[in-house]
Structures are given as C-alpha cells and as structure tokens.
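Quick notes on the structure that follows.
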Ligand code: NOJ
Ligand code: CA
C-alpha cells in the first residue's frame, strides 16, 4: 500500500507521462523553429539574439504555437551557422548569456509554452578545447579519445567513407574523421564492427566512446536542469560509424533515451534522422519526414526532373508519397510522432519553385497542418517569406542562406528585424519592395498569417485533427488531384481535400455513409461534398483546400 501511494504521489509530482514515455504536453505541441541569428536583433549589431526572441514570444503564442526550437545558440566558430560548437555549456555571446537563456525559458514557461534547443551530438568545432587537446601527441589525456585519429588512410575505403578523412598532420596523427565540413571533427561514438586492421576503429563500449556518451548526458542534464524542455538532436542517425543497418546507433539511442525518460520524464528528444521507423524504435519522441517531390524538384541541392505535386500545373503524382507516408505512419503509430515540417534551415522555403502566392501557400499549409503527428512551422513560413535565390554565403550557409534571411516584421527599411545599418544585417533581407510582413498581415483577416492561426485553432480544439488523430487515405492515389484523406478520433471525423492545381477537380470515394457533411474551413466555401449510395463525390475549385466535418 505504502509503495502504491509513493507511486501515485510520484506520478502526480512528475506530471503525466503516457504509456510510450512521451510527456503529455507533446500531444498538443505545435513547434516554431527559430534560426536565432535571423529572428530578432535587440542590440542593433545586425544579428538576432535571445532578448530579441524574448520580445516576440507573444507573437509566437498568438499564432497558436506552444513550443519553440532554437537552432544552436552555443559558443561557436560559426563556420557552419552554429553547428560547429566550441563550448556546449555556454551560450555564444552574440546571442546573450546563459542567464538570458534561462530567463527566456522562464518567460516561455510563464506562457504555458516549452523550449527546445539543438544538440549537435555528432561533432564539435575544430576550435573546441576538446579537439585541441586530442591533437596533442600524448594520447592519455582527458579528451584524447573524444575524436577518431588515424595514422594512415587505407586505400580500400568506399567513396563516402573516404570523404570523411581530413588530413590534419597533428602531433597526434595524420588524419581525423569529420562529419560535415572539415572544421567539424566527428565525436567518437565508436564503430559498429571494428576492423582489427584499423586500430582507430574502437568498439562502442571502448573507454573513449563511453566517455563521449557520458559527456552527451552531461550536456543534456546541464540544460534540462536549467529549465530547457529538450533537444532536437543533430545527425542522430550517424553517431556510430560504419553502421549501415543502424543497429548499433539504434542501440546507443535506446540506452540514452531510456536514461533520459527516467531522469527527465517531461523532456522531449527529437531526432534529426529522417526515418521515424528507426528513430522511434530508438526511443525518440519525434522524427521528421522529408516531403520529397511533394514540394520540391531538388534533391541534395540539385534540380531533378521530378514533377512536383504542389504546383498549379498539376503534373505531380502522389503514389510514392502515399507509400512512404503509409509505411512510416503504420510503423510508428502509438509509439512516437512523425513530423512533416513546413521547412527548415537546410532546405528551400515552401514559398519557392513557382509557389509564391498566398492562395497556393494556404493550400499547402492546409495539408501540412492537418497531418497527424507534431506540426513544425519554420519561422516566416506563416507569412509566406520567400526562398531568396543567390543570397550570399554566410558562415557556411552556402545556398541555404536563401532560407535564413531576416524575419520580416513590418514595412520599415530593415523590416523591424534590426536597427543596424542595412549592410550590417546578418543576411540581406528579401529585396522585394512588397515582401510579406507580420504587421500588414495582422490587420488583414484573409491573410496567410490569419489563415494559419485559424487552422491551428481548429487543430487545437478538434481532437481528430490533432497530433494523435488517426489518418486514412481516401482518394485513389493514381488520380493525384484532389488528394483526399480522413482524420478521426472517437466520434470526430473530418475529411480533408487538397487541390493545388489551377483547374477544378473532382474525386469519388467509397461512401462514408454519413448523415451530413459540412465544409467547415478552408480556402473556399465552394468546395462541396455530396453523399451518394456507393460513392461520395468531392468537388473543389481551382487552387483550394477544404476541411469537411462528417456526421
Ligand atoms: C544538419 C543541420 O541541420 C545542418 O544545418 C548542419 O550543417 C549539419 N547537420 C551538420 O551539423
Ligand atoms: Ca544582436
């Protein structure tokens, strides 16, 4: 009896954690991703900062968002936009101080919201004191085995493996292994199947990899104990090297996620893995899906001849998407959450590739914000900020800077982002005189911003449309337009129909045998649903998306 009481009290103190070990707040979480250098500058140096973010929390909350994720804010050499960390325990001075980050978390919590940081788990900067120490000839120092050093480069490496070898000519050894840029030496989590002829390939249980895992736990603990609610984990899928089936990486994360769930039951860990089937098995709460040719003809920065689905031309297809989504969804349902984000700091914005007007973007946002799983809105996508071609390469952004331009708050010269000289802004603004901005859209009830607000409001007040609502594809995937699917929970049933094309379209689906079906929200009052004996008929005007309530 006594232990039962202890359990009950423990449960009440810790707050509710669902059977799958997700904190309850994730069930209704809607994320906003902030690229900190580009969001709001508070001190006029032209670079966004924590105080700036703090001053915009009310705006963020007003959209219907309740969680923010910040790209890395740690002390960095900024040769990859902060993904090259020098000190994981310290906020970079360009953003503010540790105290200000704690204050930001407090302000977030005061509003009933949550805040998640970016854990660059895979590597550090080559300017990190850990790396500098590991370069020394003495191999028995604290950080000696935090990295992977090799005296010679075997010539039987695969092309991909070989591309990770960086010639450093350090006292320690000639080569080290990197992850992304040469300035990002990989942290040593070991190798899945160490080759005995390659002494640098340590097992995941060797002292070096074990110490690195402990360091990761220390970083997580340091920030969670200061009020941070969790992390998005950069490159979560590629910590253990030579692990093609990901078994060793999954095992590593199972252990870490198990520890995390025990220690921080209200914390959340989000994988940058792009394969929820694996990452959810590894114990993560959320992982991302890639939209692929739903929204983009680009693959790894290169244009392909793929026909994109969300275009007016209506030449796209949905067969691959349906298969991919169904597979990921059915393998993760009731275990963890998928997320199909509106965008992120690495890929072109949704307002690109001929999809620049608000009418088209509203159709796409209706699709994105009626998906099961956790919505992520990339800053500025709510107002239709555009991907800016030929933005200059800033801090290793390469062509990703077009997606990282300053947030557009108002119609003033620097769009309300900063009081610095125009030439000193982190990245130049969208040069278009008619660039969208928050102030203008606030006052227009039909703006994209208010459309997103209404969608999120509907989502938060309608369980079937929420993160845990079930999803069923209803239309014939071989007839791509319109796409029709259902969201359902308990007695709540909603059908969503999506038509990005510039022509009116019609779908016939197996009858849902409803009594009434009403067009309750969307871009058009003229989308209709007719109940038939065997088949129901859905008609949509050009460029439209409609949510029907089924009773
Ligand atoms: C993925 C991040 O999203 C990206 O911005 C970064 O360059 C690489 N990981 C390397 O950390
Ligand atoms: Ca600043």
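In this note's numbering, the protein residues as written are 24 to 574.
Here a beta-carbon is modelled for each residue, glycine too, at the ideal position from N, C-alpha and C.
- Here the C-alpha atom of residue 142 lies approximately 9 Å from the C-alpha atom of residue 94.
- At the C-beta level, residue 338 and residue 330 come within 7 Å of one another.
- If the five residues before and after residue 154 are omitted, its C-beta is found closer than 8 Å to the C-beta atoms of 147, 148, 166, 169, 170, 208, all from its own chain and listed in chain order.
- In this structure, residue 84 lies away from residue 75, with their beta-carbon atoms at least 7 Å apart.
- Using a 10 angstroms sphere on the CB of residue 348, the tally of other CB atoms reaches 16 or more, which defines it as buried.
- Where residue 522 is concerned, the enclosing beta strand (DSSP E) starts and stops at 515-522.
- The DSSP-derived three-state label of residue 206 is coil.
- Using a C-beta cut-off of 8 Å, the segment 430-442 makes no contact with the segment 412-420, since fewer than three inter-stretch Cβ pairs fall below that distance.
- DSSP places residue 121 inside the alpha helix (DSSP H), whose first and last residues are 121-133.
- Every residue whose beta carbon comes nearer than 5 Å to a heavy atom of ligand 2 appears here in chain order: 64, 66, 68, 70, 72.
- Cα atoms of residue 448 and residue 343: separation of roughly 41 Å, rounded to the nearest angstrom.
- Remark: fewer than three beta-carbon pairs, one from each stretch, lie closer than 8 Å, so the segment 235-253 and the segment 216-225 are not flagged as touching.
- For residue 98, the enclosing beta strand (DSSP E) covers residues 97-99.
- Taking a contact as a CB-CB distance under 8 Å, the pair residue 517 and residue 488 counts as one, their CB atoms being some 6 Å apart.
- By the C-beta criterion, the segment 297-307 is judged to be in contact with the segment 268-275, since at least 3 inter-stretch pairs fall below 8 Å.
- In the pairwise beta carbon analysis, the segment 193-213 is classified as touching the segment 157-166: at least three pairs are separated by under 8 Å.
- Boundaries for residue 352: no beta strand (DSSP E) harbours it, while the alpha helix (DSSP H) harbouring it runs 342-355, taken from the DSSP string.
- In this chain, the beta strand (DSSP E) harbouring residue 506 covers 506-512.
- Two segments are said to touch when three or more pairs of C-beta atoms, one from each, lie closer than 8 Å; by this definition the segment 174-189 does not touch the segment 227-235.
- Distance from the C-beta of residue 203 to the nearest heavy atom of ligand 1 is below 6 Å.
- With 16 or more neighbouring CB atoms inside 10 Å of its own CB, residue 103 falls in the buried class.
- Taking 7 Å as the cut-off, the beta carbon of residue 374 is found closer than this to the beta carbon of residue 409.
- For residue 152, the number of other beta carbons within 10 angstroms of its own is below 16, and it is reported as exposed.
- Membership of residue 255 in the beta strand (DSSP E) is indicated by the continuous run 253-257.
- The criterion of a C-beta distance shorter than 7 Å is satisfied by residue 479 and residue 87.
- For residue 83, the enclosing alpha helix (DSSP H) stretches over residues 80-86.
- Residue 467 has its CB no nearer than 6 Å to any heavy atom of ligand 1.
- Nearest neighbour of residue 283 by Cα position, chosen from 77, 359, 244, turns out to be 244.
- In this structure, the beta-carbon distance from residue 573 to residue 540 falls below 7 Å.
- Runs of the beta strand (DSSP E) spanning 3 or more residues and lying entirely within the segment 214-259 occur at 253-257, in chain order.
- The segment 157-196 contains, as complete beta strand (DSSP E) runs of 3+ residues, the segments 188-190 (chain order).
- A Cβ-Cβ separation of about 7 Å places residue 131 in contact with residue 91 under the 8 Å criterion.
- Looking at 290, 291, 309, the one whose alpha-carbon comes closest to that of residue 299 is 309.
- Straight-line measurement puts the Cα of residue 528 at about 10 Å from the Cα of residue 550.
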